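Colleague: One structure, as structure tokens, below. Some questions next.
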Amino acid sequence: MLSEETKLALRKEFLFLTSRSGGAGGQHVNKVESKVQIKWDVMASQVFDEEEKDKILKKLAKKITTDGVLMVSAQGSRSQMENKEVALEQIFKWIESAFKVLKIRRQTKPRKADILKRLDEKKSVSEKKKSRAKVKV
Numbered sequence: 001m002l003s004e005e006t007k008l009a010l011r012k013e014f015l016f017l018t019s020r021s022g023g024a025g026g027q028h029v030n031k032v033e034s035k036v037q038i039k040w041d042v043m044a045s046q047v048f049d050e051e052e053k054d055k056i057l058k059k060l061a062k063k064i065t066t067d068g069v070l071m072v073s074a075q076g077s078r079s080q081m082e083n084k085e086v087a088l089e090q091i092f093k094w095i096e097s098a099f100k101v102l103k104i105r106r107q108t109k110p111r112k113a114d115i116l117k118r119l120d121e122k123k124s125v126s127e128k129k130k131s132r133a134k135v136k137v
């Protein structure tokens, strides 16, 4: 979980761009720049050390451009401020997910009782189907 100080420091590194949003909205959409795009150069960041930057680059590789820039855009609302908040939440969520340690799954074996139960069920279904067969004369 990113602390508030980290979020504030990161916000200073973000480049906010606005543009006209597509979609419904009539004339209002044609004159207001409500779409918000956030660009963040991961390698130029002063907030994280090299190891953390590498982790971010590896985990978010599909979301980062070839230049090492993480980009998020939001245009769901007619309000620029709402779109800015949505984009900030999204970028912070992505950064937090890069540091999340996944729990390693240990493979388990089925219990002997479960194996025997499955085999008994298979036998009973097989016998039921055999009893339905026509008798050969």
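Numbering (full-length UniProt numbering), first residue to last: 1 to 137. Beta carbons are placed, not taken as given, at the ideal position from N, Cα and C, and that holds for glycine. Only a predicted model underlies this, so the values are computations on that prediction, with no experimental measurement involved.
Would you give the residue range spanned by the beta strand (DSSP E) that ASP114 belongs to?
Modeller: Careful: ASP114 lies outside any beta strand (DSSP E), inside the alpha helix (DSSP H) at 112-132.
Colleague: Our contact map puts LYS35 next to SER21 with C-beta atoms below 8 angstroms; I'd like the distance itself, whole angstroms only.
Modeller: With a Cβ gap of about 4 angstroms, LYS35 and SER21 count as contacting.
Colleague: Which one of VAL29, LYS58, LEU70 has the shortest CA to CA distance from TRP40?
Modeller: TRP40 has its Cα closest to that of LEU70, out of VAL29, LYS58, LEU70.
Colleague: Could you spell out where the beta strand (DSSP E) holding LEU17 opens and where it closes?
Modeller: It spans 15-19 - the beta strand (DSSP E) in which LEU17 sits, taken as one unbroken run.
Colleague: At which residues does the alpha helix (DSSP H) containing ASP54 begin and terminate?
Modeller: Per DSSP, ASP54 belongs to the alpha helix (DSSP H) from 50-59.
Colleague: To the nearest angstrom, report how far apart ALA9 and LEU2 are at their CA atoms.
Modeller: Distance between the alpha carbons of ALA9 and LEU2 is about 11 angstroms.
Colleague: Please look up how many angstroms separate the CB atoms of GLN80 and THR18, rounded, as I've assumed it's under 8 angstroms.
Modeller: At roughly 6 angstroms, the Cβ-Cβ gap stays under 8 angstroms, so GLN80 and THR18 are in contact.
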